[in-house]
Each structure stands twice: as structure tokens, then as C-alpha cells.
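Residues 4 to 71 (this note's numbering) are what the sequence shown spells out, left to right. Idealized CB from N, CA, C, for every residue including glycine. Computed from a predicted model, the values in this text were never measured in an experiment. Structure first, then comments.
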Amino acid sequence: MTSKPRQTTDFVARIGNWDNFLAAITIAVILYAVFAVPNFASAFNISQAVAGISERALIVLPSEAFWR
Numbered sequence: 004m005t006s007k008p009r010q011t012t013d014f015v016a017r018i019g020n021w022d023n024f025l026a027a028i029t030i031a032v033i034l035y036a037v038f039a040v041p042n043f044a045s046a047f048n049i050s051q052a053v054a055g056i057s058e059r060a061l062i063v064l065p066s067e068a069f070w071r
């Protein structure tokens, strides 16, 4: 009988952390923008966002690999 609460606690501990909360908020904001902002999900806007983020991702990638 004690395995159920422990299993639930482990699940909540894995899912309920700060990183997953930020990911959920980010997905919610993007979904809101796709439906509420005109041309947010256009091909041009997405390509500009990827181009702007890619250089920052290349800079951050080595530091993230170092800290893990």
C-alpha cells in the first residue's frame, strides 16, 4: 500500500521542477501567440526567429555541456 504514494511522489518530483514549469509556460505563450497574433507562425517570422536564436545557441552550447 505504501508503493502508490511513493510512486506518485517520485512522479511529481520528476515533473514538478522549475525547468519543466518554464517549458510549460513557454509552450503556452507560443501557442497563445500562434492563435492571437497575426502572421506569428508565418514562414518568414519563423525563419527570422531561428536565425536570431541560432547564434546564441551556438555560444551557450559549450557552456551547457561543461556544467553537466
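Distance, residue j Cα to residue i Cα
i, j, result
"Ile-49", "Ile-33", "12 angstroms"
"Ala-16", "Asp-22", "12 angstroms"
"Phe-38", "Thr-29", "15 angstroms"
"Ser-66", "Asn-20", "22 angstroms"
"Ser-57", "Phe-47", "15 angstroms"
"Ile-18", "Phe-24", "9 angstroms"
"Gly-55", "Asn-42", "18 angstroms"
"Ala-60", "Ala-31", "22 angstroms"
Residue i in three-state terms, based on DSSP
i, result
"Phe-24", "helix"
"Ala-44", "coil"
"Gly-19", "coil"
Neighbourhood of residue i by C-beta, 6 angstroms cutoff - its chain only, sequence neighbours within 5 removed
i, result
"Ala-44", "Val-37"
Same chain only: Cβ atoms within 7 angstroms of residue i, ignoring 5 sequence neighbours per side
i, result
"Ala-26", "none"
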